[in-house]
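Each remark here refers to the structure printed beneath this line.
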Ligand SMILES: [Zn+2]
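Residue numbers (the numbering used here): -19 to 70.
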């Protein structure tokens, strides 16, 4: 199985931010907006593909998360700001 590790990082960080950061408490979190935020974040990040056997991936690659943390945070925050101002629905 091949997956883009950035997708895991973005999803993780997005969930954390939406759950804990009051600045984004009013943001729309419907599936459409979450997908838009994910897509926009991932488009601004270089993909990092890894192979995984069920569940084993996360321990092995967890150091990568620290390495890419700053980029992921910037990408997610920019996407959050953008999507909150340009919703794809009413
Ligand atoms: Zn929405």
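Ideal Cβ placement from N, Cα and C applies to all residues, glycine included.
Local conformation of residue i per DSSP, three classes
{"i": "residue 53", "result": "helix"}
{"i": "residue -7", "result": "helix"}
{"i": "residue -16", "result": "strand"}
{"i": "residue 7", "result": "coil"}
Cα-Cα separation between residue i and residue j, rounded to whole angstroms
{"i": "residue 4", "j": "residue 31", "result": "33 Å"}
{"i": "residue 51", "j": "residue 26", "result": "10 Å"}
{"i": "residue 15", "j": "residue 59", "result": "11 Å"}
{"i": "residue -12", "j": "residue 66", "result": "24 Å"}
Expected contact under 8 Å - CB spacing of residue i and residue j to nearest Å
{"i": "residue 7", "j": "residue -6", "result": "At roughly 10 Å, the Cβ-Cβ gap does not stay under 8 Å, so residue 7 and residue -6 are not in contact."}
(message) Which residues neighbour ligand 1 when neighbourhood means a C-beta less than 6 Å away from any of its non-hydrogen atoms? List them by chain order.
(response) 8, 10, 12, 13, 67, 69
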